[in-house]
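**Student:**
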Amino acid sequence: MIKIGGNDLLEEFDLADALSKVGQDIEVYACVHNVKQMSGFAFVTLRTGRYLIQSIYSADTCKDSLDEVKEGCYVKVTAEVKAEERAYNGIELILKNIEIMSKPSAEYPLHVSKRRLGCSLEVNLDMRNVALRNPYERAAFKFQEGVVSGFREFMLKNKFTEIHTPKIVAQGAEGGANIFHLDYFQKDAFLNQSPQFYKQAAVAFFDRVFEIAPVYRAERHATSRHLNEYIGLDFEMGYIKDMYDVMNMETAMLRYLMQYLKENYQPEIKILDADIPEITEIPSIKFEDAIQLLKGAKVKNKFDLEPEDEVFLCNYVKENYGTEFIFITNFPSSKPPFYAMNDKEDPRTACKFDLLFRGLEITTGGQRIHDYNEQVEKMKAQGLNPDDFEYYLQCHKYGMPPHGGLGIGLERLVMKLLNQQNIRQASMFPRDLNRLLP
186 MIKIGGNDLL EEFDLADALS KVGQDIEVYA CVHNVKQMSG FAFVTLRTGR YLIQSIYSAD
246 TCKDSLDEVK EGCYVKVTAE VKAEERAYNG IELILKNIEI MSKPSAEYPL HVSKRRLGCS
306 LEVNLDMRNV ALRNPYERAA FKFQEGVVSG FREFMLKNKF TEIHTPKIVA QGAEGGANIF
366 HLDYFQKDAF LNQSPQFYKQ AAVAFFDRVF EIAPVYRAER HATSRHLNEY IGLDFEMGYI
426 KDMYDVMNME TAMLRYLMQY LKENYQPEIK ILDADIPEIT EIPSIKFEDA IQLLKGAKVK
486 NKFDLEPEDE VFLCNYVKEN YGTEFIFITN FPSSKPPFYA MNDKEDPRTA CKFDLLFRGL
546 EITTGGQRIH DYNEQVEKMK AQGLNPDDFE YYLQCHKYGM PPHGGLGIGL ERLVMKLLNQ
606 QNIRQASMFP RDLNRLLP
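Here the sequence shown stands for residues 186 to 623, where the numbers follow the working numbering.
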């Protein structure tokens, strides 16, 4: 017999709704986070998808036994809502019914119900399926949701169109050896290093575009700041005057995002003790001038910033300008990427910028070349064959507005907002040089 589904939807626990029903009975689906037996009653902490809820079990008020209820059981409870300022989130549930929906077949190997797991990062990542049941650990990813949601909301409010570009490609946007190779039906293919080619092309028909998607880099780094798969927050915009239009858009987005987090993610901010910065204006300095600031230190790289340089510059701008962000602009034009427009006033430099935050580069962006002949010439200047980029150059050949954009590393931004020590803490299931599981 064919069955047609109804219109009833299961609802996740809503704290505001529960607070409005003090003295009434509600149903809650949750996981048993902890059971603490007392004399004549028990505290049963329930864990929903976002909250911890304190509940009280007593044989006098609950018709079901607590004998089979233990940490890790998934349950449906009926309970009376009671206001209790001392309890989690200001409410307490007086249990009346407990229906066990699922039982674990083994005990947790980690201290899930403790405030912090108290294990090494490697153990945390090896046991990720369990570790993320800890409210502190999982809060980072609810907070990460907020970063993505705030970014998307700002983009849509500012008339950007969300796009979805291929991750299996015939050529890498960044070139070089840091690219994963694939056997694609007996053809050579790669995992995309960036949506760069596609978002530039999309500017020709949408004017403004953004994407939130994975990015792949085959870099042999085993540092606290590198992943081989991460989430990029990318946007590209047309009709710009210069790269400062892009920088201004990012500043406005970050200002909006920080307020969005404060308004919508207070539970996570409290759990994680997140330090959300105030943003007014973000200062900028040219790369050449930044190198001069660094002269007291030993400058190792004349074409880019080293990690210690980024820390120094962020400390400098915090002490002298009271901000934790700084744009570094006008990197040497001989350094990739090939699509970065050379500065007309100083062709030795490119209209390219990085944004540093709390000692770490979180953004790379700039103005792109829109003229076909100019793009071909820069490819040749960097030793590239334009014939290898026939499809990319189509957008230039048939006309492009002046445009620019950027890419933000989601995990790096989250890591710094939460003052985490390792980027793997900001990746739900990280992929790095040594980790492919779980």
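The beta-carbon is built from N, C-alpha and C at its ideal position, and this holds for glycine as well.
1. Within the region 588 to 613, note down every full beta strand (DSSP E) run reaching 3 residues or more, in order along the chain.
2. I'd like to check one pair, S240 with E277: are the Cβ atoms closer than 8 Å?
3. Can you tell me which of A201, I187 and G190 puts its alpha carbon nearest to the alpha carbon of N449?
4. Taking all protein chains shown into account, do 16 or more other C-beta atoms lie within 10 angstroms of the C-beta of N515, making it buried, or fewer, making it exposed?
5. With burial defined as no fewer than 16 other Cβ atoms inside 10 Å of the residue's Cβ, what is the status of F390: buried or exposed?
6. Does N363 come out as helix, strand or coil in the three-state DSSP assignment?
7. Suppose you measure from the CA of M613 to the CA of E596; what does that come to, to the nearest Å?
8. Are the CB atoms of F488 and K520 nearer to each other than 8 Å?
9. Can you look up M286 in the DSSP assignment and give me helix, strand or coil?
10. Can the beta-carbon of L545 be found closer than 8 Å to that of A325?
11. Check for me: the beta strand (DSSP E) holding Y259 runs from which residue to which?
12. Would you mind stating whether I593 and L310 have Cβ atoms separated by less than 8 Å?
13. Spatial neighbours of M585 within its chain, please: CB distance less than 6 Å, with the 5 preceding and 5 following residues excluded, ordered by chain position.
14. Going straight from the alpha carbon of Q567 to that of D460, what length do you get?
15. What are the residues that DSSP puts in a beta bridge with A374?
16. Rounded to the nearest angstrom, how far is the Cβ of V297 from that of R323, given a contact under 8 Å?
17. Is it true that the CB of I464 sits closer than 8 Å to the CB of R440?
18. By DSSP, does N527 sit in helix, in strand, or in coil?
19. Is it a yes or a no for the region 369 to 387 touching the region 326 to 342, going by three-plus beta-carbon pairs under 8 Å?
20. Comparing C-alpha positions only, which one of E265, F226 and N192 sits nearest to Q209?
21. Grouping DSSP H, G and I as helix and E and B as strand, with all else coil, what is Y324?
22. Leaving out five residues before and five after E292 in sequence, what residues of the same chain have Cβ atoms less than 8 Å from its Cβ?
23. So, T508 versus I547, is the Cβ gap smaller than 8 Å?
24. Starting from T548, follow its DSSP beta bridges and name the residues at the other end.
25. What does a CB cutoff of less than 6 Å around Y259 pick up in its chain, not counting 5 residues either side in sequence?
26. Cβ atoms of R543 and P517: under 8 Å apart, would you say?
27. Suppose the cutoff is 6 Å on Cβ atoms and the five residues either side in sequence are ignored; what does the same chain contact list for D392 look like?
28. Pick helix, strand or coil for G191, following the three-state DSSP scheme.
29. Flag this pair as yes or no: are the beta carbons of P320 and I425 separated by less than 8 Å?
**Tutor:** So, to answer that:
1. 588 to 594
2. yes
3. A201
4. buried
5. exposed
6. coil
7. 10 Å
8. yes
9. strand
10. no
11. Y259 to A268
12. no
13. A389 and H555
14. 42 Å
15. L367
16. About 10 Å; that fails the 8 Å criterion.
17. yes
18. strand
19. no
20. E265
21. First, the amino acid is wrong: residue 324 is Ala here, not Tyr. In the structure shown, A324 sits in a helix (DSSP, three-state: H, G or I).
22. E256 and G257
23. no
24. L540 and I593
25. C216, M286 and S287
26. no
27. G423
28. coil
29. no
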